[in-house]
Amino acid sequence: MSKPAPDHPTPSHPTSGPAPSARSNAAQMASPSFRLPELDQDFLLGDSMRGVRLMLEYAKAEESLRAWGVRSTIVVFGSARVAEDGPGRHAEWYAQAREFGRIASERGGALTDHGGLRDNVIATGGGPGIMEAANRGAIEAGAPTIGYNITLPHEQEPNAWSTPALTFRFHYFAMRKMHLAMRANALVVFPGGFGTFDELFELLTLRQTGKSSALPIVLFDQAYWRAVIGFDALVEHGMIDARDVELFRFADSAEEIWSILSEQGLNRRS
């Protein structure tokens with residue numbers, strides 16, 4: 008007669024060692040090293056990633072500009088402090104910048120889709136004042152228009168007249184300047200202060216040194232510019248050559264700006 012099976016049979020291969028651990032992996036999951044690099048802001052904003060951030064600032068704007076078919080631009084600089092109803096000549100400067108934005112957009116190719124490409128699209132620093140006026144004129148003409156904003160300690164908000172999908176914000180002045188310059192067919196500079204001077208002389212230096220193409224540069228309001236910058240004194244003291252003052256022209260109306268740009272072959276540029 009066989010024996011009944013025991014209630015708790017003995018395993019044929021007895022287990023050995025401690026029971027499985029119940030230790031939590033919360034510390035590993037929360038560690039910065041476990042974050043995906045592209046989602047780790049501490050890592051992306053660190054010193055070693057500065058080159059990557061510069062690349063991202065280039066690539067993001069470039070992707071949008073290509074999607075909109077922006078082949079070339081007319082860059083408009085000028086003071087953020089100028090108001091439509093401002094004192095002195097401010098209102099006139101605002102009105103002429105607005106008028107130029109309209110004229111250039113209607114006549115320069117920003118409204119026309121040449122096989123998916125647009126030319127001479129108005130581009131500004133994206134802020135108030137003259138920048139707002141030029142963007143406004145372009146929008147009123149029905150054209151796309153670009154605002155290249157910069158992050159500042161006292162935050163600058165974009166004006167309400169740049170095309171939303173072409174309203175960018177940069178941390179690095181260098182990358183902003185690169186985008187302003189790389190598609191520019193022309194530069195139009197209205198009265199302004201240090202920031203306007205910075206951008207003007209940056210592009211004048213590129214022209215003077217042959218690092219850029221023969222970019223037409225027009226300064227609006229000859230009386231203002233001759234009062235604030237002694238161009239003739241620079242020549243007199245040997246700081247620039249006499250021919251360097253031929254790198255730019257003066258204009259005193261929006262129509263005159265367009266005439267000068269047309270004389271210099273703007274419509275034939277691509």
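At the far end of the sequence shown sits residue 277, using our numbering, and the numbering has no gaps.
Glycine included, C-beta positions come from ideal geometry on N, C-alpha and C.
- By the Cβ criterion, the region 113-133 is in contact with the region 78-85, since at least three pairs of Cβ atoms, one from each stretch, lie closer than 8 Å.
- Comparing alpha-carbon positions, the option among 116, 97 and 111 lying closest to residue 266 turns out to be 111.
- Runs of alpha helix (DSSP H) with 4 or more residues, each lying fully within the region 202-272, are found at 229-235, 238-243 and 261-270, listed in chain order.
- Of the candidates 34, 138 and 228, 138 places its Cα closest to the Cα of residue 91.
- One thing to note: residue 210 has its Cβ no nearer than 8 Å to the Cβ of residue 226.
- Closest in alpha carbon position to residue 104, among 191, 224 and 197, is 197.
- Distance between residue 132 and residue 84, taken at the CA atoms: about 7 Å.
- Each of 244, 251 and 241 was checked against the Cα of residue 217, and the nearest Cα belongs to 251.
- A straight line joining the alpha-carbon of residue 193 with that of residue 56 spans about 34 Å.
- Between residue 158 and residue 177, the CB-CB gap stays under 8 Å.
- Under the three-state reduction of DSSP output, residue 108 falls in the helix class.
- Rounded to whole angstroms, the separation of the alpha carbons of residue 164 and residue 174 is 11 Å.
- Measuring C-alpha to C-alpha distances from residue 258 to each of 228, 206, 136 and 119 identifies 228 as the nearest.
- Sequence-distant Cβ neighbours of residue 39 in its own chain, meaning closer than 8 Å and more than five residues away, are 47, 49 and 50.
- Taking C-beta atoms as the reference points, residue 254 and residue 214 count as a pair closer than 8 Å.
- Around the Cβ of residue 119, a 10 Å sphere holds fewer than 16 other Cβ atoms; the residue is exposed.
- Contact between residue 144 and residue 106 holds, since their C-beta atoms are separated by about 6 Å, short of 8 Å.
- CA-CA distance, residue 235 to residue 37, rounds to 58 Å.
- Taking residue 156 as reference, the option from 149, 146 and 170 with the minimal CA-CA separation is 170.
- Less than 8 Å divides the Cβ of residue 148 from the Cβ of residue 113.
- Closest in C-alpha terms to residue 63, from the list 31, 238, 182 and 243, comes 182.
- Shown here, residue 175 sits in a strand according to DSSP, grouped into three states.
- Judged by DSSP secondary structure, residue 50 falls within the alpha helix (DSSP H) whose first and last residues are 48-51.
- Beta-bridge pairing by DSSP links residue 155 to 175.
- Residue 262 is classed as exposed because its beta carbon has fewer than 16 other beta carbons within 10 Å across all chains shown.
- Beta-bridge analysis with DSSP links residue 82 to 130 and 194.
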